[in-house]
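Below is one structure, written out as structure tokens; the observations come after it.
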Amino acid sequence: MKKRLLTGLLTLLMPALALAGEYDLTVDRVKIDTGDFVKEGIGYNGKSPGPVMRFKEGENVRINVTNNLDEMTSIHWHGLILPFEQDGVPGISFPGIKPGETFTYEFPIVQAGTYWFHSHSGFQEPDGAFGAIVIEPEGREPFRYDREYVVQLTDKHPHSGDRIMRNLKMMPDYYNRQQQTVGEFFSDASKNGLMNTIQDRMAWGDMRMMKADVEDVQGFTGMINGMGPEQNWTGLFEPGERIRLRFINSSAMTYFDVRIPGLGMTVVQADGNNVQPVNVDEFRIGVAETYDVIVRPRDAQAYTIFAESMGRSGYARATLAPEEGMAASVPPMRDAPRLTMADMSGMPGMDHGDMDHGDMTAQGDMDHSNMSDMDHSAMMEGGSDPFYAKGSGIAPAAANGGKFLSYADLKAQKPLYEEREPTREIELRLTGNMERYTWSINGVKYEDADPIRLKYGERVRFKFVNETMMTHPMHLHGMWSILDVGAGEWNPIKHTVSVQPGTTVYMETEVDAPGQWAFHCHLSYHAAAGMFRKVIVEGSPDTTQAKADVATEEGGDA
Amino acid sequence: MSRIRTFMAVSLLSPILLPGAAAAQEMIADTSARKQALTSWGVQFEELEYRYSDDDEELGVWNADFFYGTDDLKVRWLTKGEYAIEEQAYEGLENQLVGQIPISDFFDAKAGVRFDTPEGPDRTYAVLGVAGLAPQWFEIDANLYVSDEGDTSAELDAEYELLLTNYWILSATLDATVAFSEDREIGVGKGLVSTETGLRLSYDLVDRALSPYVGVVHERKYGDTADYAESEGGSTKDWFAVIGARIVF
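Spelled out as structure tokens, the structure:
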């Protein structure tokens, strides 16, 4: 009798026991060889990138992280929904992991898909402290594939993160080697006319802004899975197989435009969440975003995975091939883009009356009137991307003239939340001063900012107004960011939302995770310079009072 | 009675309220480095050069600054000097220590002291100035000085960089000094005192850390200042060929 009871209890416990994974990670000083240069960096289990962590939806994981550095460290599980004490942001989630200490993270895996992890301490992440996370779903995937590869991109720079930050503070154009030159003046003059070119230069000089300010930090080597373009990471396939490529952009500062010449790609997942499949020829992956695509090479030939940086200052390259050692041609990088006045249109005082743009209008094709209010319903007309300012110089186009993925194409495979009206809107202006290399939200740097306070149970609509000339990948920890692409309940669910210069983008969040969280631009040096906030979620599932208060609350002092 | 009821209510509710209160207290205050103001430092030798004049005069010249601080407050040490190699004497030796705060998007205000200790009489000055980036990319540094003798003067530095390519840079500099009263002892007359105009062609050899250059510099003295210089056998107009390097780290 007693025995039967015990067995019964054990059987009850079994599922929980079976689904508990224990993992060990060490944080180490490592050597990183890009093929162009060798440098000292930080990695996990002796390597950068660290191992691919494979979890299963529904399991409880315990991850023992041992800090072998002589400084504090931390690991943030990017995109994972978990208790805030496990989120790994020093000063917000927990104190950090001391040198020599082992910290055990413990949390349930409540989602599936492609994610990544990285240090949230200092500049350890740009220095190499990151790795990939793959989570198997409990049920079946809504798409088929025969094999899969993680394709983790990064922008490895010969300088350490600390040095890059200091150089940027000293000289904000320190790393920009694509500035307009005398030569470009003459070629522009012969193309657009001398007077137009002079006026153009004067207009930009008047603002003390640079049309070449697309990338803050150039001079990196693009890498895929820890291998530089020369080292050519290779994924093998049998012709006819469907290959799932899990693209992760683990760069410190670099957006990549990704294509595989000769192969169409079907995007099936964005930021770990299934999307209705979209066939594309090329896509832009923002810093910290992930995209899963399926490709099906039918011929026994090599294909190049080519990821050139948005500013065309560097590229990453890898190969899909039926055999090791094969290679396809590497396409040349396209010309470096130039910002236009349209990309400046988000700046206060930039629009209308108080600046005389004169003939600039003819060149920049400016239309300030409807800049801040995108018409989501009229999306994708004439091939222009509604998530870029109309006439933007950095709006992407596919190299082969085909389809370039837009945020507007992303529709959730299955809505995660019931659709409902947001309880309030919080406006976050993305602000900064390029000359001083300060970055902020609503003009306030993190050091001077009060936290953004949310109430458990509310649904908040965030309005991002980009008043800077750069693109910012905004990342909210702990809760999903439902990007408004105008698809209602089919709006895609993301963890990182890119906001292009001169645009306004909305996302909504179901405030369903108590605690305190980080919310920041994922460009490492922008976050470090102040484009960062703490979010406090007040209340919890037990307190019902919070929900009643919500509607009266004003929109945040951040 | 009502007091007792309140007491009862509180004691009954407290088990429910307390966990919430405890949770709120557990929230960590962010004292991480990220929440502190970002401090930064830098060293820049705008000029570190050898000058050879049309009178066969040889000079070693530098113009450098060191800073440490945050976005809101920087301490800056500026040092300038001209060393006459043959005479083994400092024709000019100037050190400034200033505090600097932002006053607009592109300009800082600064205040501090300047010590001139060349060959001959020393001077100490109070400094008040602005520095920043003017429209059309002119780098401006303008200062007012009041010496311990009570003499006032002003100095304007302007620089413009022309990018021939992203590595070959032609920079033009203008440095003009005006005195509002004369200081005979150090050879300064009232009015426009002197100008130094330079044109340098540099190449970024190692990042922006080391950029060797060649160039020409024209120094000129005006009015009474020129007369004083002449009466002491000095020259009032000099052309120099220069070779040197810009160093940033």
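Protein chains in written order, with our numbering: chain A, 1328 to 1885; chain B, 2 to 250. The C-beta atom is built at its ideal place from N, Cα and C for all residues, glycine as well.
Quiz item: Tell me which same chain residues have a C-beta within less than 7 Å of the C-beta of A:PRO1749, skipping the five on either side of it?
Solution: If you number the first sequence from 1, residue 1749 of chain A lands on position 422. Result list for A:PRO1749: ARG1786, VAL1787, ARG1788 and GLU1835, in chain order.
Exercise. Compute the Euclidean distance between the alpha carbons of B:ALA180 and B:GLY224, then round it to the nearest angstrom.
Key: The count along the second sequence starts at 1 and reaches residue 180 of chain B at position 179. The count along the second sequence starts at 1 and reaches residue 224 of chain B at position 223. Near 11 Å, if we compare the C-alpha coordinates of B:GLY224 and B:ALA180.
Practice problem: Answer with yes or no whether the minimum CB distance from A:PRO1868 to chain B is below 8 Å. | Solution: Position 541 of the first sequence, counting from 1, holds the residue named residue 1868 of chain A. A:PRO1868 does not count as touching chain B.
Self-check item: Opening and closing residue of the alpha helix (DSSP H) in which A:GLY1729 lies
Solution: Indexing the first sequence from 1 puts residue 1729 of chain A at position 402. From DSSP, A:GLY1729 is part of no alpha helix (DSSP H); its letter is neither H nor E.
Practice problem: Kindly indicate which residue of B:ARG35, B:SER54, B:ILE187 and B:ARG77 has the alpha-carbon position closest to the one of B:ASP109. | Solution: Looking up residue 109 of chain B in the second sequence gives position 108. When each option's Cα is compared against that of B:ASP109, the closest is B:ARG77.
Self-check item: Helix, strand or coil at B:ARG1 [DSSP, three-state]
Solution: Lying outside 2 to 250, the shown extent of chain B, residue 1 of chain B is not represented and no answer is given.
Quiz item: Going along chain B, which residues have a C-beta under 8 Å from A:ALA1855?
Solution: Counting from 1 along the first sequence, the entry for residue 1855 of chain A is found at position 528. Under the 8 Å cutoff, chain B gives ARG35 and LEU39.
Quiz item: Listed in chain order, which residues of the region 1720 to 1745 of chain A have Cβ atoms closer than 8 Å to some Cβ of chain B?
Solution: none
Self-check item: 3 or more residues per run - each beta strand (DSSP E) lying fully within the region 1498 to 1572 of chain A
Solution: The region 1498 to 1572 of chain A contains these whole beta strand (DSSP E) runs: 1548 to 1551 and 1560 to 1563.
Quiz prompt | Beta-carbon proximity list for B:LEU165, same chain, < 7 Å, skipping 5 on both sides | solution = Along the second sequence, read from residue 1 onward, the residue named residue 165 of chain B stands at position 164. The residues are LEU171.
Self-check item: C-beta atoms of A:ASP1712 and A:ALA1722 nearer than 8 Å
Solution: What you label residue 1712 of chain A is simply residue 385 of the first sequence in a count that begins at 1. What you label residue 1722 of chain A is simply residue 395 of the first sequence in a count that begins at 1. In contact: A:ASP1712 and A:ALA1722 (Cβ atoms closer than 8 Å).
Practice problem: Can you grab the Cα-Cα spacing for the pair B:TRP240 / B:PHE68, in whole Å? | Solution: Position 239 of the second sequence, counting from 1, holds the residue named residue 240 of chain B. Position 67 of the second sequence, counting from 1, holds the residue named residue 68 of chain B. In a straight line, the C-alpha of B:TRP240 is about 32 Å away from that of B:PHE68.
Self-check item: Residue-chain proximity (A:GLN1505, chain B), Cβ-Cβ < 8 Å
Solution: In the first sequence, the residue the question calls residue 1505 of chain A occupies position 178. Closer than 8 Å to some Cβ of chain B, the Cβ of A:GLN1505 qualifies, so yes.
Practice problem: Taking only heavy atoms of the ligand GTP into account, decide whether any of them is closer than 7 Å to the Cβ of B:VAL189. | Solution: No copy of the ligand GTP occurs in the structure displayed, which carries no ligand at all.
Quiz prompt | Where B:GLU233 falls, given that 16 or more other Cβ within 10 Å makes a residue buried | solution = Position 232 of the second sequence holds residue 233 of chain B. The residue is exposed, with fewer than 16 neighbouring Cβ atoms inside 10 Å.
Quiz prompt | chain B contact for A:MET1701 (CB, 8 Å cutoff) | solution = Working through the first sequence from its first residue, we reach residue 1701 of chain A at position 374. Any reading at A:MET1701 must be qualified, since the residue scores a pLDDT of 42, below 50, and its modelled position is unreliable; no value is offered.
Practice problem: Determine the closest residue to B:ALA90 out of B:ALA143, B:PHE116, B:VAL62 and B:VAL249, with distance taken between C-alpha atoms. | Solution: To locate residue 90 of chain B, count along the second sequence from 1; it is residue 89. That would be B:VAL62, whose Cα lies nearest to the Cα of B:ALA90.
Self-check item: First through last residue of the beta strand (DSSP E) which encompasses B:ALA177
Solution: For the purposes of this step, residue 177 of chain B is taken as residue 176 along the second sequence, with counting starting at 1. First-last of the beta strand (DSSP E) with B:ALA177: 169 to 180.
Quiz item: A:TYR1773 touches chain B at which residues, Cβ-Cβ below 9 Å?
Solution: For the purposes of this step, residue 1773 of chain A is identified with residue 446 of the first sequence, where counting begins at 1. Per Cβ cutoff of 9 Å: ASP31, ARG35 and LYS36.
Quiz prompt | Extent of the continuous alpha helix (DSSP H) run through B:SER148 | solution = As a first step, residue 148 of chain B is located in the second sequence; it is residue number 147 there, counting from the start. Here B:SER148 belongs to no alpha helix (DSSP H); instead the beta strand (DSSP E) covers 139 to 148.
Exercise. Compute the Euclidean distance between the alpha carbons of A:ALA1855 and B:ARG35, then round it to the nearest angstrom.
Key: As a first step, residue 1855 of chain A is located in the first sequence; it is residue number 528 there, counting from the start. As a first step, residue 35 of chain B is located in the second sequence; it is residue number 34 there, counting from the start. Approximately 7 Å, taken between the alpha carbons.
Quiz item: Is there at least one Cβ from chain B nearer than 8 Å to A:PHE1859's Cβ?
Solution: What you label residue 1859 of chain A is simply residue 532 of the first sequence in a count that begins at 1. Closer than 8 Å to some Cβ of chain B, the Cβ of A:PHE1859 qualifies, so yes.
Practice problem: Taking A:ASN1559 as the reference, give the member of A:MET1550, A:GLY1567 and A:THR1524 with the closest Cα. | Solution: Sequence index remark: in the first sequence, residue 1559 of chain A carries index 232 (1-based). Nearest option by C-alpha distance: A:MET1550.
Quiz item: Can you list, in chain order, the residues of the region 1471 to 1503 of chain A whose Cβ is nearer than 7 Å to any Cβ on chain B?
Solution: ARG1493, LYS1496, MET1497, MET1498 and TYR1501
Quiz prompt | Neighbourhood of A:MET1687 by C-beta, 8 Å cutoff - its chain only, sequence neighbours within 5 removed | solution = Locating residue 1687 of chain A in the first sequence gives position 360, counting from the first residue. In this prediction, A:MET1687 has a pLDDT of 39, which is less than 50 and means its spatial position is unreliable; what the coordinates show is noted afterwards. Around A:MET1687: GLN1526, ASP1527, ALA1530, MET1668 and MET1693.
Quiz item: Can B:ARG115 and B:ILE187 be called in contact, C-beta distance under 8 Å?
Solution: The count along the second sequence starts at 1 and reaches residue 115 of chain B at position 114. The count along the second sequence starts at 1 and reaches residue 187 of chain B at position 186. For B:ARG115 and B:ILE187, no; Cβs fall outside 8 Å.
Exercise. In angstroms with no decimal places, state the Cα-to-Cα distance between B:ALA135 and B:GLU162.
Key: Start at 1 with the first residue of the second sequence, and residue 135 of chain B comes out as number 134. Start at 1 with the first residue of the second sequence, and residue 162 of chain B comes out as number 161. Our two residues, B:ALA135 and B:GLU162, have alpha carbons roughly 13 Å apart in a direct line.
Practice problem: May I have the straight-line CA-CA distance separating A:GLY1815 from A:MET1674, to the nearest angstrom? | Solution: Taking the first sequence and counting its residues from 1, one reaches residue 1815 of chain A at position 488. Taking the first sequence and counting its residues from 1, one reaches residue 1674 of chain A at position 347. Spanning the two alpha carbons is a distance of roughly 29 Å.
Quiz item: Between the beta-carbon of A:ARG1625 and the beta-carbon of A:GLY1567, is there less than 8 Å?
Solution: As a working note, residue 1625 of chain A is residue 298 in the first sequence. As a working note, residue 1567 of chain A is residue 240 in the first sequence. Taking 8 Å as the Cβ cut-off, A:ARG1625 and A:GLY1567 qualify as a contacting pair.
Quiz item: By the 10 Å Cβ neighbour count, where 16 or more other Cβ atoms means buried, how is A:PHE1513 classified, buried or exposed?
Solution: Here the question's residue 1513 of chain A lines up with position 186 in the first sequence. Result: exposed.
Quiz item: Given that A:ASN1769 touches chain B, what residues does it touch there, using C-beta distances under 7 Å?
Solution: Within the first sequence, numbered from 1, the residue matching residue 1769 of chain A stands at position 442. By Cβ distance, chain B contributes nothing, its closest Cβ being about 16 Å from A:ASN1769, past 7 Å.
Exercise. Report, in whole angstroms, the separation of the C-beta atoms of A:MET1761 and A:ASP1482, which I expect to be a contact under 8 Å.
Key: The residue labelled residue 1761 of chain A in the question sits at position 434 within the first sequence. The residue labelled residue 1482 of chain A in the question sits at position 155 within the first sequence. Not a contact, Cβ separation roughly 20 Å.
Quiz item: Using a Cβ cut-off of 7 Å, which residues of the region 67 to 95 of chain B contact any Cβ in chain A, in chain order?
Solution: ASP72
Self-check item: Contact with chain A by B:THR166, beta-carbon distance below 8 Å
Solution: Reading the second sequence from its first residue, position 165 is the one you call residue 166 of chain B. B:THR166 counts as touching chain A.
Quiz item: Whose CA, out of A:VAL1437, A:PRO1485, A:THR1758 and A:GLU1837, lies closest to the CA of A:VAL1771?
Solution: Locating residue 1771 of chain A in the first sequence gives position 444, where the first residue counts as 1. Of A:VAL1437, A:PRO1485, A:THR1758 and A:GLU1837, the residue nearest in Cα terms is A:THR1758.
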